[in-house]
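So the structure is just underneath, and the comments pick up after that.
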Amino acid sequence: MYAGRPHVLLERGWLAFRSTNWVPVVTGFVEPVLFLLAFGYGMGNLVGDVTTGSKTIDYTLFIAPGLLANSAMNGAIYDSTWNVFWKLNESKLYKTMLSTPLGPLDIALGEIIWALIRGLVYSIGFLTVVTALGLTPSFWAILAIPAASLVAFGFASFGMAITSYFKTYQQMGFINFVLLPMTLFSGSLYPISVYPDWLEKIIMALPLWHGIELVRAFWFGEVNSGVFMHISYFVVMIAIGLFVTSRRLRALFLK
């Protein structure tokens, strides 16, 4: 099951990145910056300030941590879904790897950590931009990076687990079917208090909402007991993802 060599997958990921995979990383970094400029400085001039909890803040400052969480999610999801699908069903790369001393958990950990690194790179790049724009309210904002890393880890592990069940590209459309509404409704662009109570409760069960609230708490230096709930959510998400992924790889290729 585990040979203690997930670093082999990281080395392969780095070599692939150096040769062909750097373009999606660049475009993935630019996307949240464009959202920030379009919504923050475009719609933000119409919206003005936003009241959330007990404070009123500028709209651009409100959406910045939400877009950081989105950036971490998108970076992790790309590598842990589409790339994994190709290696599972097209190139059969994992089948070849499992004929070596590598075990299913090595592959799961290696791929998920590589996806986490991608999400981390997106997050650092985005934080650099928003800091240059003066949208980091305090030194606490630097702690949004480890928070975003946890978000990326959770989505990467869960994304790979779900992808292990897909057999066709048509089924992969389910990923976007889930991600788009989650991106729009999870509170990155406006407080979820605008929704009816029943819809608000549904949104609060979504992983991206927990990710946004976690990043936002560190961003504004408002660390309270709710932070531990969000962290626990992602720890459980990571554990389930790793367990399911390793079991699926074993069932698919080590029968």
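Numbering (our numbering), first residue to last: 463 to 717. Where is the CB? At the ideal position from N, CA and C, for every residue including glycine.
Consult DSSP for residue i and reduce its assignment to one of helix, strand or coil.
| i | result |
| --- | --- |
| Lys629 | coil |
| Val512 | strand |
| Lys554 | coil |
| Thr598 | coil |
Buried or exposed for residue i, going by 16 or more other Cβ atoms inside 10 Å?
| i | result |
| --- | --- |
| Gly572 | buried |
| Glu675 | buried |
| Ile604 | exposed |
| Asn686 | exposed |
| Ser708 | buried |
| Asp659 | exposed |
| His469 | exposed |
| Phe639 | exposed |
| Ser585 | buried |
| Trp476 | exposed |
The beta strand (DSSP E) that contains residue i, what's its start and end?
| i | result |
| --- | --- |
| Thr543 | Segment: none, Thr543 is in no beta strand (DSSP E) and carries neither H nor E. |
| Thr562 | Neither: Thr562 is in no beta strand (DSSP E) and is coded neither H nor E. |
| Lys549 | Looking at the DSSP string, Lys549 is not in any beta strand (DSSP E), and its letter there is neither H nor E. |
Hey, residue i and residue j: beta-carbon distance below 8 Å or not?
| i | j | result |
| --- | --- | --- |
| Val613 | Phe696 | yes |
| Gly616 | Met699 | yes |
| Ile575 | Leu472 | yes |
| Asn532 | Thr645 | yes |
| Ile606 | Leu530 | What sits at residue 606 in the sequence shown is Ala, not Ile. Closer than 8 Å, so yes. |
| Ala570 | Leu711 | yes |
| Asp511 | Thr518 | yes |
Taking residue i as part of the alpha helix (DSSP H), name the residues at either end of that continuous run.
| i | result |
| --- | --- |
| Lys663 | Asp659 to Ile665 |
| Ile674 | Pro669 to Trp681 |
| Ala478 | His469 to Ala478 |
*Do the segment 536-547 and the segment 624-642 meet, that is, are 3 or more Cβ pairs less than 8 Å apart?*
yes
*Is the number of C-beta pairs between the segment 550-557 and the segment 583-598 that are closer than 8 Å three or more?*
no
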